[in-house]
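Mapping of the sequence shown onto mature numbering (1 follows the signal peptide of the UniProt record, and there is no 0): residues -22 to -1, 1 to 600, in sequence order. Cβ atoms here follow ideal geometry from the backbone N, Cα and C, with glycine treated the same way. First comes the structure, then the notes that go with it.
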Amino acid sequence: MRMFFSVLLASMLIFFPDPLLCLVPYNGSISPGFEGSQVDYINNYGIFLESINKDFGFGFITTPDDVTLFTLSIVHRSSSRLIWSANRASPVSNSDKLQFQDNGNVVLRGEGGGGGPEVWRLDNSGKSASRIELRDSGNLVVVSGDGASIWESFEHPTDTLITNQVLKEGMELTSNASSTSNMTYSLEIKSGDMFLSVNSLTPQVYWSMRSDRGRIIDKYGGVVTSSSLLGNSWMFFDDKHRDDNATWIAVLGNNGVVSFTSLGSGVFAADTLAKIPTDQCATPEPCSPYYLCSVSKACQCVSGLSSDCKTGIDTSPCKKTNDNAALSVKLVNAGDSVDYFALGFASPFPKKTNLDSCKEFCNTNCSCLGLFFQNSSGDCFLFDWIGSFKSSGRGGSGFVSYIKVATNDYGDGKHFPYIVIIITVLAAVFIICVLIFEAFRIHRRVKARLLASQETTHSFVNILPCYMAPEWITTYAISEKSDVYSYGMVLIEIIRRRKNQESSLASTNFPAYAFTRMREGLLIENVDWEMEEEEGVDIVNDARVGRAMKTAFWCIQEDMHLRPSMSKVVQMLEGVFPVLQPPSSSTLDPNRYTRLELRSISEESDGRTSSSVFHSELSGPR
């Protein structure tokens, strides 16, 4: 059994060495040669160094926005509150390493550590460090070989102050970036006072300890040079006094408000209601930029802007347009009862002027985004960044406020909105014209096809019936006798020397008319008399004329069985075969064509046909 556990332990050491190493972080301090990443200490939540009392830890802490990124931070273990961060603006991955090099340098490297790029380097002022201590106060201290402090996290705060951490003149707290405008806020001591300001192009102060009537500035009557936390309040000291108190933290949030939290001894930290500033509308961004914050913290756009509360000017007001022209702007009145958080701390520029001059100063300064003018004093305040406005109530603020907005007019005098409208209209007209042209072209093409089809059909209908045998439009079978019929119609045209389709009175229903003349003994009336003169034919005495006409009448008999074959037709024309008197048939019945003619004329008068029906068209079989 003992052998089994020995083998099992050896196997775990071979295949799972890292988890075993991560179980025990360093206690109190680390020495040169240390190198570690988050994944190396994953079983201890990335903490590789603990304070001796285990209240605080130093290691790789997950960022709130992305669990795959980490900051090198000091954390209060029981409450998980961050006290200090080395690289909060440049988080790293779980394989990036902190190196405490043999020469005493402390470097955080990216891309898996090793020879990766530097993300953060501790400034040890060129002195060689012998160890890094995490003390029970939460202070990270770099110690030299003789035991002197080279660097302390308490002297380089981020956004948090903890009990016993002294904020001195020249030090400052800086918040994380605002979620609305990406601005940061600062808390610092200078000129004997403590200030909160927004880090715009020109920092704008919105709170100071001297202006806060609810706070005691100092109890010794001297100038404030440092401060410390006493519970959820401040203790202020001159250069001869200080105090140590219980464990609290003051955090400068990304909304510009300082909040106080008691870390206590339990798991959960207790936030207090005390805030600085106490009036939320007195901060730079309780609402979105250019919105008005009221007592109830209801946000509404100032009256001078459109419903979307946009000015049309980006964060770089001096930036020129694409054609290198200056953006055309104008000043609009922000409305009545409008106050601004920075007015109580800003210096007027210039002093003692009038409203028109103040507006001119802002118009000629491209970085000016808004102005406030105090009528009673003639003071003009110009601002290169505008946050939220504050409602001054019924009494008014005593200031006249103007906001700079873009007019979308450029240096050449052209009006951009009109240009957009004109271009849009012209583009729409052009597209409509193209569509109409395409529709007309398609219509012409379709119409041409229809006309061609109609003309072909019309010609087919008009011409073919004059030569087609009746069986073509009946249920009778088609045979060689059908061609005999067509030949007979052609033979009549040859004798007559004009087409049966021609619409003259003399040619009306010619086959029926000619047959009637033949029965009346007037066969020669069917012949063109000009033939006698041109061809030298004796129409009256030439038997060939009568034989040809009779043969033609035999060929166009309605009953195909009565039509001779083509061989017989040749014999009949040559006189080899005698040509008898042809019988009468419906094809040669003049009464039938008269009825059809009258019906066609009636249909034309009723408008039920769109094409003219010639009399000669009735000469064909129906």
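Out of curiosity, what's the CA-to-CA distance linking residue i and residue j?
i: Lys329; j: Cys358; result: 7 Å
i: Ile397; j: Leu305; result: 16 Å
i: Ile140; j: Arg188; result: 22 Å
i: Leu349; j: Ser51; result: 42 Å
i: Arg59; j: Trp226; result: 11 Å
i: Arg423; j: Leu404; result: 28 Å
i: Ala384; j: Leu333; result: 21 Å
i: Lys253; j: Asn154; result: 17 Å
i: Ile409; j: His421; result: 18 Å
i: Ser63; j: Thr180; result: 26 Å
i: Pro448; j: Gly466; result: 13 Å
i: Arg57; j: Leu241; result: As written in the sequence, residue 57 is Ser, which differs from the Arg given in the question. Near 7 Å, if we compare the C-alpha coordinates of Leu241 and Ser57.
i: Gly82; j: Ser178; result: 38 Å
i: Arg419; j: Thr452; result: 42 Å
i: Val548; j: Lys425; result: 48 Å
i: Pro556; j: Lys546; result: 10 Å
i: Ile534; j: Glu498; result: 19 Å
i: Val462; j: Val468; result: 10 Å
i: Phe173; j: Thr261; result: 12 Å
i: Cys411; j: Ile400; result: 16 Å
i: Ala312; j: Thr402; result: 33 Å
i: Val307; j: Cys336; result: 16 Å
i: Gly290; j: Leu283; result: 10 Å
i: Pro10; j: Cys259; result: 50 Å
Would you mind sorting residue i into buried or exposed? The rule is 16 or more other CB atoms within 10 Å of its CB.
i: Ala228; result: buried
i: Glu96; result: exposed
i: Pro42; result: exposed
i: Asp101; result: exposed
i: Gln79; result: exposed
i: His54; result: buried
i: Ala521; result: exposed
i: Ser531; result: The amino acid at residue 531 is misidentified as Ser; the sequence shows Phe. Its Cβ being crowded by 16 or more others within 10 Å, Phe531 is buried.
i: Phe377; result: buried
i: Asp314; result: exposed
i: Leu413; result: exposed
i: Ser156; result: buried
i: Arg15; result: Looking at the sequence itself, residue 15 is Ser, so the reference to Arg does not match. With 16 or more Cβ atoms within 10 Å of its Cβ, Ser15 is classed as buried.
i: Arg87; result: buried
i: Gln559; result: exposed
i: Leu428; result: exposed
i: Val45; result: exposed
i: Lys168; result: exposed
i: Phe493; result: buried
i: Leu74; result: The amino acid at residue 74 is misidentified as Leu; the sequence shows Asp. Answer is buried; the Cβ neighbour count reaches 16.
i: Ala490; result: buried
i: Phe319; result: buried
Please state if the CB of residue j and the CB of residue i are separated by a distance shorter than 7 Å.
i: Ser127; j: Asn117; result: no
i: residue 601; j: Phe323; result: With the chain running from -22 to 600 in the structure shown, residue 601 is simply not present.
i: Leu47; j: Asp137; result: no
i: Leu360; j: Cys340; result: yes
i: Ser366; j: Pro255; result: no
i: Tyr268; j: Cys287; result: yes
i: Val310; j: Ile381; result: yes
i: Ser164; j: Ser175; result: yes
i: Met550; j: Thr529; result: yes
i: Tyr445; j: Ser457; result: no
i: Phe36; j: Leu112; result: yes
i: Arg99; j: Val85; result: yes
i: Asn142; j: Ser115; result: yes
i: Ile473; j: Met527; result: yes
i: Val370; j: Leu270; result: Residue identity check: residue 370 is Ser in the sequence provided, not Val. Cβ atoms of Ser370 and Leu270: not closer than 7 Å.
Any Cβ of chain B within less than 7 Å of the Cβ of residue i?
i: Trp62; result: Among the chains of the structure shown, chain B does not appear; only one protein chain is present.
With residue i and residue j assumed to form a contact (beta carbons below 8 Å), what rounded beta-carbon distance in angstroms separates them?
i: Cys279; j: Ser285; result: 7 Å
i: Glu133; j: Glu150; result: Between Glu150 and Glu133 the Cβ distance is about 12 Å, and since that is not below 8 Å, they are no contact.
i: Ile110; j: Ile8; result: 5 Å
i: Asn22; j: Pro3; result: 5 Å
i: Val17; j: Asn65; result: Rounded, the Cβ-Cβ distance is 17 Å, inconsistent with contact.
i: Glu13; j: Gln77; result: 5 Å
i: Ser375; j: Val316; result: 7 Å
i: residue 636; j: Ser106; result: Residue numbering for the chain in the displayed model covers -22 to 600; residue 636 lies beyond these limits and cannot be assessed.
Could you check if residue i belongs to the surroundings of the ligand SAM, using beta carbon to heavy atom distance under 6 Å?
i: Leu270; result: Absence of the ligand SAM from the depicted structure is noted, as is the absence of any ligand whatsoever, leaving it without description.
Any beta strand (DSSP E) of 3 or more consecutive residues that is wholly inside the stretch 44 to 92: 48 to 54, 59 to 63, 75 to 78, 84 to 87
Quiz item: Quick one: complete beta strand (DSSP E) runs, 3+ long, within the stretch 314 to 350?
Solution: 316 to 318
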